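Numbering (this note's numbering), first residue to last: 2 to 248.
Built from N, CA and C at the ideal position, the CB exists for glycine as well.
No experiment lies behind these values; they were computed from the predicted model shown.
For reference, the structure is listed below as structure tokens.
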Ligand code: NDP
């Protein structure tokens with residue numbers, strides 16, 4: 002069950018859920034490339050944590066929404082590591098607001114990072130996986146991609162889009178031994194959710210049957226399963242990690 006010898010790329014691996022995924026994959030033996038967009042300090046801290054624990058990692062700066070930067074970064078990783086076995090498309094942002102007042106730039110920013118970014122990284126990473134006839138792609142969607150959420154039309158559209166994207170890519174890449182799945186977290190305690198007001202957080206907690214907020218490690222464990230050999234026959238699936246918030 003070891004990931005020894007595997008090369009993984011985790012977008013947005015510098016903080017929150019992506020950081021937990023990077024740590025988990027590295028703990029289980031993968032060499033992990035940690036992507037970030039602006040917080041080099043945070044990404045380097047994750048690299049140090051992995052290396053101090055005896056693992057192998059590197060930090061790679063690029064904006065997942067910038068086509069040229071994505072291609073250059075993936076080319077660089079492949080030149081250095083020889084391949085990419087695992088791609089976790091985790092980078093994401095929120096720009097919340099009610100539809101009637103939502104600025105076009107907030108719509109564009111969320112769709113670019115959360116949806117177009119996954120397209121660009123999957124296209125770049127998928128190329129080498131096609132050649133090697135093996136690979137694992139996991140896209141981090143969200144519970145609101147299936148339930149919707151007032152104040153998040155941009156975010157919910159992107160996260161729902163990811164589910165359709167993953168099913169379609171799964172069909173296109175299946176004959177090459179590549180699986181493509183989503184993990185859809187519910188409410189996970191990270192910097193992203195810390196921005197929410199206390200009363201909103203309390204209301205969310207009430208709606209979770211397991212009555213606890215999720216941790217980044219809960220999401221990392223689901224990703225770890227989907228990239229394992231045990232999940233070799235699972236593709237096009239969305240695995241919900243939400244304490245029962247949506248069933
Ligand atoms: P955080 O805000 O804690 O971290 C976001 C990460 O994404 C950072 O590493 C950040 O890099 C990176 N990032 C943001 N924009 C870009 C970009 N354009 N290019 C490359 N990297 C970028 O988020 P979370 O850990 O909370 O969320 C991670 C994922 O999980 C997201 O896709 C989110 O939508 C999803 N999710 C989160 C939930 C939650 O409850 N927290 C629930 C459901 C889904 P940097 O450090 O450089 O800024």
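The stretch 132-148 and the stretch 81-92 touch, with three or more beta-carbon pairs separated by less than 8 Å. If you draw a straight line from the Cα of residue 68 to the Cα of residue 165, it is about 21 Å long.
Annotation for residue 239 indicates a beta carbon at 8 Å or more from all heavy atoms of the ligand NDP. In terms of Cβ geometry, residue 66 and residue 121 form a close pair [threshold 9 Å]. Distances taken from the Cβ of residue 65 to the heavy atoms of the ligand NDP include one shorter than 8 Å. For residue 224, the CB stays at least 8 Å from every heavy atom of the ligand NDP. Under the three-state reduction of DSSP output, residue 18 falls in the helix class. Per the C-alpha coordinates, the member of 140, 152, 76, 71 positioned closest to residue 107 is 152. Residue side-chain check: residue 91 places its Cβ nearer than 8 Å to a non-hydrogen atom of the ligand NDP. A heavy atom of the ligand NDP is found nearer than 8 Å to the CB of residue 220.
Distances from the CB of residue 228 to the heavy atoms of the ligand NDP are all 8 Å or more. Taken atom to atom, the span from the alpha-carbon of residue 140 to that of residue 125 is near 14 Å. With fewer than three CB-CB distances shorter than 8 Å, the stretch 173-186 does not count as touching the stretch 200-211. Under the three-state reduction of DSSP, residue 104 is assigned to coil, being neither helix nor strand.
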